[in-house]
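Residue numbers (full-length UniProt numbering): 1 to 150.
Each residue gets a CB set at the ideal place from its N, CA and C atoms; glycine is no exception.
All of these numbers come straight from a predicted model, not from anything done at the bench.
First up is the structure itself, then whatever we jot down about it.
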Ligand code: FES
């Protein structure tokens, strides 16, 4: 067990944890940041996506010891009032069906647009390839990302 200072959503959290504890468990169980979801636990579905220094990462396989070295943003910290352009487009296009994957989808899309504000359809497909939607809302996800791009 060790102590870690985590920079999450512009706040510092101090937690005691085993070094290999996945960040996802820390977020959900220790910090109550439950917007980030558990899907597969093996980096295959994207439900747990957060930003590490602005890059989309799978928090289910990111050890807390590694997370402590970077600036983490979760869906709760993406915008002040849920008004990030991707979140606004998400609502406008009415993307979610069950909604379980959407936090991860939105975090992946936001990371993409922060690096590439006007991605092509192919670039969107590549960037979003690791985010699975069991309801099959891919067409609306694509539409929302195009709407959110400048
Ligand atoms: Fe992390 Fe599926 S829960 S990728």
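Practice task
Any chance you could list the residues with Cβ under 6 Å from a heavy atom of the ligand FES, keeping chain order?
Solution key: Having a Cβ closer than 6 Å to some heavy atom of the ligand FES are 38, 39, 40, 41, 43, 44, 45, 46, 47, 48, 58 and 60.
Problem - Ordered list of alpha helix (DSSP H) runs contained in the UniProt domain "2Fe-2S ferredoxin-type" (2-78), each at least 4 residues - result: Here the runs fully enclosed are 64-67.
Practice task
Within its chain, find whatever has a CB closer than 7 Å to the CB of residue 116; leave out the 5 residues flanking it on each side and keep chain order.
Solution key: Indexing the chain shown from 1 puts residue 116 at position 116. If you ignore the 5 residues before and after residue 116, its C-beta comes within less than 7 Å of the C-beta of 123, all in its own chain and listed in chain order.
Problem - Segments of 4+ residues assigned as alpha helix (DSSP H) that fall wholly inside the segment 103-148 - result: Listed in chain order, they are 121-127 and 138-148.
Practice task
Whole angstroms is fine: what's the gap from residue 66's alpha carbon to residue 112's?
Solution key: Counting from 1 along the chain shown, the entry for residue 66 is found at position 66. Counting from 1 along the chain shown, the entry for residue 112 is found at position 112. The alpha-carbon atoms of residue 66 and residue 112 are separated by roughly 22 Å.
Problem - Coil, strand or helix - residue 85 by DSSP - result: Position 85 of the chain shown, counting from 1, holds the residue named residue 85. Three-state result, residue 85: helix.
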